[in-house]
């Protein structure tokens with residue numbers, strides 16, 4: 001019998017037959033392909049200005065080549081270690097505290113038997129995700145002012161009032177905790193869907209073996225959603241160097257650059273405020289290369305350790 005793997009071999013016309021058979025599916029795929037081609041792949045051509053002395057008057061093609069000059073300037077610059085350190089620290093804190101938060105909430109909601117209470121909690125935790133980031137940052141600024149709500153609570157317990165966003169040591173804590181508050185409910189959606197797919201017979205078997213609710217969670221629930229956790233963890237590792245620049249730009253100020261300035265905000269400041277397009281493009285390309293390496297490495301490691309990976 002011929003192998004099924006040859007069914008889509010272009011040499012025997014299998015691909016053309018599949019397109020003819022599922023032509024409407026391929027037609028539906030065209031807008032998606034166009035979106036990625038126009039907004040993701042075609043703009044990659046502009047990344048070549050990282051190796052040029054770009055001039056808007058000359059254009060990308062007419063600008064002279066600069067080689068690795070901009071990369072060397074960044075690596076040898078006074079801000080290199082500061083922005084890399086801040087990026088890694090904030091990303092690490094988000095990974096350490098932010099990544100497990102929706103998992104824990106999903107596990108807790110999974111143990112709730114009162115549907116009305118469960119739905120109420122889900123709705124309340126989902127809502128911050130749909131609030132505009134500008135509004136969220138405005139709320140954070142108002143609450144953390146010296147006469148804001150947070151300081152009112154601190155003063156009630158006898159602590160000194162302080163404008164938190166003007167003190168560099170508080171920025172990372174505010175950034176990470178506000179991110180957890182905004183995204184924890186939204187992140188539980190995937191995990192709750194994974195929990196719903198666990199075979200209930202496994203829980204029955206665990207009960208017969210004498211497992212209590214805690215043991216059931218450790219031996220049935222967590223292994224059941226572990227593939228989902230691993231996949232999302234790999235994706236999160238791929239965004240390790242991409243700290244949300246929009247939120248940081250809306251919150252930070254020169255007095256807290258030493259802890260708040262990250263690679264993406266540095267690219268924005270140098271590229272759009274100082275009009276140094278080639279240098280900022282080189283920094284952004286370096287950042288993307290690191291993210292790509294992290295995704296490949298974490299996917300390979302996951303595939304070797306537990307046979308679960310993106311590809």
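Residue numbers (UniProt numbering): 1 to 311.
All C-beta atoms, glycine included, are put in the ideal place defined by N, C-alpha and C.
If you're wondering where the values come from, they're calculated on a predicted model, not measured in any experiment.
Collapsing the DSSP output to three states places residue 65 in a strand.
Under DSSP, residue 52 forms a beta bridge with 65. DSSP, reduced to helix, strand and coil, places residue 291 within a helical segment of the structure shown. Rounded to whole angstroms, residue 256 and residue 153 show a C-alpha spacing of 23 Å.
Closest option to residue 308, judged by alpha-carbon separation, among 91, 271, 199 and 229: 229. Rounded to whole angstroms, residue 266 and residue 280 show a C-alpha spacing of 8 Å. If you draw a straight line from the Cα of residue 246 to the Cα of residue 133, it is about 8 Å long. DSSP places residue 114 in the coil class of the three-state scheme, outside both helix and strand.
Membership of residue 266 in the alpha helix (DSSP H) is indicated by the continuous run 263-268. Under the three-pair Cβ rule at 8 Å, the region 232-247 does not count as touching the region 160-174. Contact annotation: residue 37 and residue 53 have beta-carbon atoms that are not nearer than 7 Å. Your pair residue 221 and residue 107 checks out as a contact, with CB atoms roughly 7 Å apart and the cut at 8 Å. Look at the region 223-274 and you find these whole runs of alpha helix (DSSP H), each 4 residues long or longer: 245-251, 257-260 and 263-268. If you draw a straight line from the Cα of residue 126 to the Cα of residue 214, it is about 26 Å long.
Buried is the label assigned to residue 102, since at least 16 other Cβ atoms lie within 10 Å of its Cβ. Sequence-distant Cβ neighbours of residue 291 in its own chain, meaning closer than 8 Å and more than five residues away, are 238, 239, 240, 241 and 242. The alpha-carbon of residue 205 is positioned some 14 Å away from that of residue 224. Listed in chain order, the alpha helix (DSSP H) elements of length 4 or more contained wholly in the region 147-186 are 149-156. Assignment of residue 206 by DSSP, reduced to helix, strand and coil, places it in the helix class. The beta carbon of residue 250 sits closer than 6 Å to the beta carbons of 137 from its chain, once the five residues preceding and following it are set aside; these are given in chain order. If you look at residue 20, you'll find it in the alpha helix (DSSP H) that goes 14-21. The beta carbon of residue 60 sits closer than 8 Å to those of 45, 46, 48, 49, 52 and 54, all from its chain and outside the five residues before and after it, given in chain order. Annotation: the continuous alpha helix (DSSP H) that includes residue 214 extends over 213-216. Excluding its 5 nearest sequence neighbours in each direction, residue 124 has C-beta neighbours in its own chain below 8 Å: 185, listed in chain order. Straight-line spacing of the CA atoms in residue 24 and residue 227 works out to 32 Å.
Shortest Cα-Cα distance from residue 171 to any of 90, 190 and 216 involves 90. With a beta-carbon spacing of about 10 Å, residue 277 and residue 284 fall beyond the 8 Å limit used to define contacts.
By alpha-carbon distance to residue 98, the top candidate from 273, 178 and 274 is 178. In summary, residue 112 is exposed, with fewer than 16 beta-carbon neighbours lying within 10 Å of its beta-carbon over all protein chains present.
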